[in-house]
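Visitor:
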Amino acid sequence: MSPQPRSDALLDVDGPLNPFAAKAHRRPPGYETFRQTKSGGWYTSKRKGLRVWLNPRHGVLLRALAEETGLTLVWATSWQHEANDYIGPVLGLPPLPVIEFTVRRDWKWPAVSDYAAGRPLAWFDDQFNRGQQNFEAERDGTPTLLCHVDPASGLRDKHFQEVRAWAKRLP
């Protein structure tokens, strides 16, 4: 009997891990504020730069999800390799594989399709509208879960439960 192909859990940063659409001056409970400056600095103090809210508990939950389900965690984010430099350490995640994107219309779909060709995947993201139909058609017959996360609230326990339930049904 040949081994089953690896299955992946894809992670977007902005939306699922960084609830950027939450009220600007009301950091969600459990989240910490980080700022990335134009020079590439990463700070927890008040500075000018891109504000990122991260919840360290998510790292524990993601590692547990991967261990319990056998899913391989993979970055599928515009942060690309910077996710391993900045986001992963805050969450306590080891360096993860990165799907590299080129920015264009419907930019994530082709890269994810190429990366996970023929392998089951669950994908935590906040944007699944444009390009979704073609993506799902290409993956016809390949187990796929597009787990939509509200960018105003970020990952919740219900998302982890949804992926666990989906993973249990994999062959």
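Position one of the sequence shown corresponds to residue 0 (numbering that gives the first Met the number 0), numbered consecutively onward.
We put the CB at the ideal spot given by N, CA and C, even for glycine.
Can at least three beta-carbon pairs, one atom from the stretch 66-82 and one from the stretch 5-13, be found at a separation below 8 Å?
Guide: Yes, the stretch 66-82 is in contact with the stretch 5-13.
Visitor: Using 8 Å as the threshold, is the stretch 20-37 in touch with the stretch 48-68, meaning 3 or more CB pairs across them?
Guide: Judged by Cβ distances under 8 Å, the stretch 20-37 makes contact with the stretch 48-68, as three or more pairs qualify.
Visitor: Reducing DSSP to helix, strand and coil, say where Asp7 ends up.
Guide: Note: Asp7 maps to strand in three-state DSSP.
Visitor: Out of Gly29, Ala121, Lys157, which has the shortest C-alpha to C-alpha gap to Ala65?
Guide: The residue with the shortest Cα to Cα distance from Ala65 is Ala121.
Visitor: For Phe159, which of helix, strand or coil comes out of DSSP?
Guide: Looking at Phe159 - three-state DSSP - the assignment turns out to be helix.
Visitor: Any chance you could list the beta strand (DSSP E) runs of at least 3 consecutive residues sitting entirely within the stretch 51-108, in chain order?
Guide: Runs found: 71-74.
Visitor: Secondary structure at Asp113, three-state DSSP: helix, strand or coil?
Guide: Helix.
Visitor: Quick one: is Ser6 buried, meaning 16 or more other Cβ sit within 10 Å of its Cβ, or exposed?
Guide: So Ser6 ends up on the buried side.
Visitor: Which one or two residues does DSSP pair with Trp41 in a beta bridge?
Guide: Trp41 pairs with Gln35.
Visitor: What is the rounded straight-line gap between the Cα of Ser1 and the Cα of Gly117?
Guide: Confidence in Ser1 is poor, its pLDDT being 44 and thus under 50, which makes the residue's placement too unreliable to answer from.
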